[in-house]
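Scroll down for the structure; my scribbles are underneath it.
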Amino acid sequence: MKRYRVVIIAVVAIITFNSCKKFVTTELTDAKQTTVSYYKTPSQAYTALTGCYNGLDQIYNNDAIPSLLEVFSDNSFGGTGTFDGYGWAMMDEFDKSVSPSDISVHSGGWKAYYQTIYRCNVLLQNIDKVAWGDSTALKTKYAAEAKFIRAYCYLDLVRLFENVPLVITPTLANVPQASPDETFNQIMTDLREASDSLPSASYKSVPSGRITKWAAESLLARAYLYYAGLYGKTTIAKETAATALAAVEDVIAHSGHSLVSDFNTLWPAPSTAKSVAYAGEDNPEVVFAIKYSSTDNWSADATGNRWMVMEGIRSQSIYPYQAGWGACTVDPKFWNLYASTDTRRFATITSIADENLAYTKSSDCREYTGYFMKKYSMLCDKSGTSIVSNFQTGQYQDFFAIRYSDVLLMAAELGSPNAVSYYNLVHHRADPSAAPATAVSKADILAERRLEFAGEGLRYWDLLRQGIDVAASTIAANTTVSLFQDGTANPPSASKLQANIKATRGFQQIPNDQITLASGTLKQNAGW
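So the sequence shown is residues 1 to 528, counted in the UniProt record's numbering.
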């Protein structure tokens with residue numbers, strides 16, 4: 001049978017929970033087990049849920065989505081090496097003619113998303129077969145966590161590709177693409193059910209890495225803002241601006257989450273460069289994180305963070321920054337948007353000149369600007385040696401998918417009566433010398449979001465939800481510096497880039513190999 005997704009064994013979710021402190025895993029157990037014989041005990045359901053969490057690791061390791069989202073936006077260029085293929089340039093320019101050989105560039109990510117969704121669907125389909133006994137509360141909780149993970153995957157998919165197959169029961173058959181309304185309806189339904197089912201307990205009482213009610217409510221608000229903004233509709237699956245606001249106000253009032261005092265302590269690279277203590281992966285600002293651990297190999301279910309290598313300074317380690325592939329070179333115009341007193345500038349962007357880094361490999365880096373993204377920079381010691389044994393596969397830094405500052409700014413944007421206070425909490429933390437705002441507009445909030453979340457993959461979605469015309473003109477206006485060192489490709493003019501984004505409506509190319517395998521069931525997005 002031809003399939004558009006990766007072929008998965010029947011018990012893809014039967015994975016062990018290792019002894020590391022993170023809720024991730026590395027290895028399959030008995031591949032002879034089937035869904036008929038396996039789902040018997042709560043411990044087996046827990047193992048299956050662990051497989052769902054593990055799927056989140058694999059998605060970004062296969063497609064480096066957090067880094068690519070910066071490239072899609074007006075924050076960064078594609079970068080990478082001078083003589084690398086042009087896949088990242090193609091995505092930066094929304095133009096397949098730049099690199100026609102890279103026609104299946106998102107294939108690994110597409111497969112990983114649907115593998116993770118499959119794992120969630122298998123667990124949800126079989127959860128009633130488990131002999132729960134006195135542990136029925138666990139059944140409710142595990143189902144809620146699986147629905148959150150499924151919703152998280154579909155939110156990424158629908159924003160990346162728009163019309164995607166919507167699969168909510170286990171199947172390996174070809175499934176037609178759903179409309180965005182259908183997909184968002186499922187996302188919001190899953191998130192509402194998850195938030196209503198998970199306990200209203202302080203995040204501190206939940207094991208590290210596990211999904212909470214507060215994460216579900218926060219993701220619901222994020223999904224609502226994107227849907228309402230891009231599609232101009234005010235209700236989806238009974239969710240409105242009022243219910244989305246109530247969700248994030250609940251997080252603010254009851255979750256126990258808060259901002260850390262120093263923005264530079266949120267990530268290892270800026271805290272090391274500043275010689276200040278890292279706040280840790282379980283600090284009070286982290287509402288939801290995709291957890292990684294140093295597994296140091298290329299196996300299919302390994303849990304090392306493998307996408308961070310894309311953002312390392314090209315070809316040269318300079319303490320504390322470990323060399324990598326040099327993607328996401330930062331637009332100098334973006335660097336200049338930060339006030340010199342804004343602590344987020346140093347924490348977000350590595351400036352070769354301002355940090356007096358003796359960098360000598362600029363000719364190796366395509367679209368070199370003198371600026372690299374920092375939040376997810378890999379680290380080396382003072383001798384230039386990686387702090388992990390394999391810098392490509394062994395990174396263990398978590399990806400902070402939802403931070404509390406995002407909750408505050410979403411609440412402000414959704415019309416909270418405390419909007420000014422929430423805005424000032426975020427802005428004053430970043431720049432204590434700044435005068436507090438007395439009123440804030442949506443434009444103020446969006447501008448603050450860009451400075452706050454650069455390098456975290458949110459800017460592009462914030463642009464799209466303002467409409468494709470706004471996104472296209474903004475990206476084209478700010479993407480004017482493009483320095484291809486080898487001279488074999490020329491960057492597009494601003495008008496050409498704007499036309500490309502409008503032609504694609506900001507959505508990505510569905511992998512060509514998946515279209516071929518689907519035997520006509522999948523249709524390519526416009527502009528590709």
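By construction, the Cβ of each residue, glycine as well, lies at the ideal position given by its N, Cα and C atoms.
### Message
Once DSSP output is grouped into helix, strand and coil, what is the label at Leu165?
### Response
On the sequence shown, residue 165 is found 165 positions in, with the first residue counted as 1. A quick correction: the sequence has Pro, not Leu, at residue 165. DSSP places Pro165 in strand when its eight states are reduced to three.
### Message
Check whether the segment 405-419 and the segment 236-249 are in contact - that is, three or more C-beta pairs closer than 8 Å.
### Response
yes
### Message
If I measure Cβ to Cβ from Tyr142 and keep anything under 6 Å in the same chain, skipping five residues before and after, which residues do I get?
### Response
Counted from its first residue, the sequence shown places residue 142 at position 142. The residues are Ala45, Leu49.
### Message
Is the separation between the beta-carbon of Leu458 and that of Ile475 shorter than 9 Å?
### Response
Your numbering for residue 458 matches position 458 in the sequence shown. Your numbering for residue 475 matches position 475 in the sequence shown. Going by C-beta atoms, Leu458 is not nearer than 9 Å to Ile475.
### Query
Under the DSSP definition of a beta bridge, which residues are partnered with Lys239?
Your numbering for residue 239 matches position 239 in the sequence shown. Inspection of the sequence shows that residue 239 is occupied by Glu rather than by Lys. Looking at the DSSP output, Glu239 bridges to Ile236.
### Query
So the alpha helix (DSSP H) Ile318 belongs to, where does it begin and stop?
Here the question's residue 318 lines up with position 318 in the sequence shown. Per DSSP, Ile318 belongs to no alpha helix (DSSP H) and is neither H nor E.
### Message
I'd like the ranges of any beta strand (DSSP E) spanning at least 3 consecutive residues and lying wholly in the segment 112-164.
### Response
none
### Query
How is the alpha helix (DSSP H) around Tyr371 delimited, first residue to last?
Start at 1 with the first residue of the sequence shown, and residue 371 comes out as number 371. No alpha helix (DSSP H) holds Tyr371; the beta strand (DSSP E) holding it covers 371-373.
#### Entry: Spatial distance of Glu217 from Ser383 (CA atoms)
Translated into the one-based positions of the sequence shown, residue 217 becomes position 217. Translated into the one-based positions of the sequence shown, residue 383 becomes position 383. Whole-angstrom Cα-Cα distance: 45 Å.
### Task
Assign Gly506 to one of three DSSP states: helix, strand, or coil.
Within the sequence shown, the letter at position 506 stands for residue 506. DSSP places Gly506 in coil when its eight states are reduced to three.
### Message
What would DSSP say about Leu69, mapped onto helix, strand or coil?
### Response
Residue mapping note: residue 69 aligns to position 69 of the sequence shown, counting from 1. The answer is helix: DSSP assigns Leu69 an H, G or I state.
### Beta-carbon proximity list for Lys502, same chain, < 7 Å, skipping 5 on both sides
Position 502 of the sequence shown, counting from 1, holds the residue named residue 502. Ile468, Ala472, listed in sequence order.
#### Entry: Residue(s) in a DSSP beta bridge with Gln395
Taking the first residue of the sequence shown as 1, we reach residue 395 at position 395. In the DSSP output, where bridge partners are listed per residue, Gln395 has Asn305.
### Message
For a test of the three-state rule: what should DSSP assign to Leu379, helix, strand or coil?
### Response
Within the sequence shown, numbered from 1, the residue matching residue 379 stands at position 379. Looking at Leu379 - three-state DSSP - the assignment turns out to be strand.
### Message
Rounding to the nearest angstrom, what Cα-Cα distance links Met410 and Arg222 in this structure?
### Response
Locating residue 410 in the sequence shown gives position 410, counting from the first residue. Locating residue 222 in the sequence shown gives position 222, counting from the first residue. Their Cα atoms are separated by approximately 7 Å.
#### Entry: Environment of Asp156 [buried if 16+ CB atoms lie within 10 Å]
Position 156 of the sequence shown, counted from the start, is the residue given in the question as residue 156. Per the 10 Å Cβ criterion, buried.
### Query
For the segment 304-322 against the segment 387-395, are there 3 or more C-beta pairs whose distance is under 8 Å?
yes
### Task
Taking 8 Å as the threshold, find out whether the segment 59-76 comes into contact with the segment 108-118 through three or more Cβ pairs.
They touch, by the three-pair rule.
### Message
Just checking: is the beta-carbon of Cys153 within a distance shorter than 9 Å of some beta-carbon in chain C?
### Response
No chain C is part of this structure, which consists of one protein chain only.
### Task
Would you kindly work out how many angstroms separate the C-alpha atoms of Thr521 and Ala277, rounded to a whole number?
Position 521 of the sequence shown, counted from the start, is the residue given in the question as residue 521. Position 277 of the sequence shown, counted from the start, is the residue given in the question as residue 277. Taking the straight line from one Cα to the other gives about 52 Å.
### Query
What does Cys365 pair with, by DSSP beta-bridge criteria?
By one-based count along the sequence shown, residue 365 stands at place 365. Its beta-bridge partners are Gly81.
#### Entry: Rounded straight-line distance, which links the Cα of Ile515 to that of Lys147
The residue given as residue 147 occupies position 147 in the sequence shown. The residue given as residue 515 occupies position 515 in the sequence shown. When rounded, the separation of the alpha-carbon atoms in Lys147 and Ile515 is 27 Å.
### Query
Using 8 Å as the threshold, is the segment 363-380 in touch with the segment 82-89, meaning 3 or more CB pairs across them?
yes
### Distance between Asn525 and Ser519 (C-alpha atoms, nearest Å)
Position 519 of the sequence shown, counted from the first residue, corresponds to residue 519. Position 525 of the sequence shown, counted from the first residue, corresponds to residue 525. So the two alpha carbons sit approximately 16 Å from each other.
### Task
Kindly indicate which three-state DSSP category Ile290 falls into: helix, strand or coil?
In the sequence shown, counting from the first residue as 1, residue 290 sits at position 290. It is a strand residue.
### Task
State the Cα-Cα distance for the pair Thr360 and Gly312, rounded to the nearest angstrom.
Along the sequence shown, one-based indexing puts residue 360 at 360. Along the sequence shown, one-based indexing puts residue 312 at 312. Taking the straight line from one Cα to the other gives about 15 Å.
### Task
Could you work out which residue in Cys328, Phe334, Arg159 is closest to Glu452 when comparing CA atoms only?
Start at 1 with the first residue of the sequence shown, and residue 452 comes out as number 452. Considering only alpha carbons, the answer is Phe334.
### Task
Rounded to whole angstroms, what's the CA-CA distance from Lys374 to Asp134? Just pull it up for me.
Taking the first residue of the sequence shown as position 1, residue 374 is located at position 374. Taking the first residue of the sequence shown as position 1, residue 134 is located at position 134. Each residue's alpha carbon lies about 48 Å from the other.
### Task
Specify whether the segment 433-447 and the segment 343-351 touch according to this definition: at least 3 beta carbon pairs, one from each stretch, less than 8 Å apart.
Verdict: no, contact absent.
### Message
I need the boundaries of the beta strand (DSSP E) containing Thr350, first residue and last residue.
### Response
Here residue 350 refers to the residue found at position 350 when the sequence shown is read from its first residue. Where Thr350 is concerned, the enclosing beta strand (DSSP E) stretches over 349-351.
### Query
Between which two residues does the alpha helix (DSSP H) harbouring Met188 extend?
Here residue 188 is taken as the residue at index 188 of the sequence shown, counted from 1. First-last of the alpha helix (DSSP H) with Met188: 180-197.
### Query
For Ile59, is the beta carbon positioned less than 8 Å from some heavy atom of the ligand COA?
For the ligand COA, the structure offers nothing, since it holds no ligand at all.
### Task
Would you list, in sequence order, the uninterrupted alpha helix (DSSP H) runs of no fewer than 4 residues that lie entirely inside the segment 418-459?
419-430, 442-453
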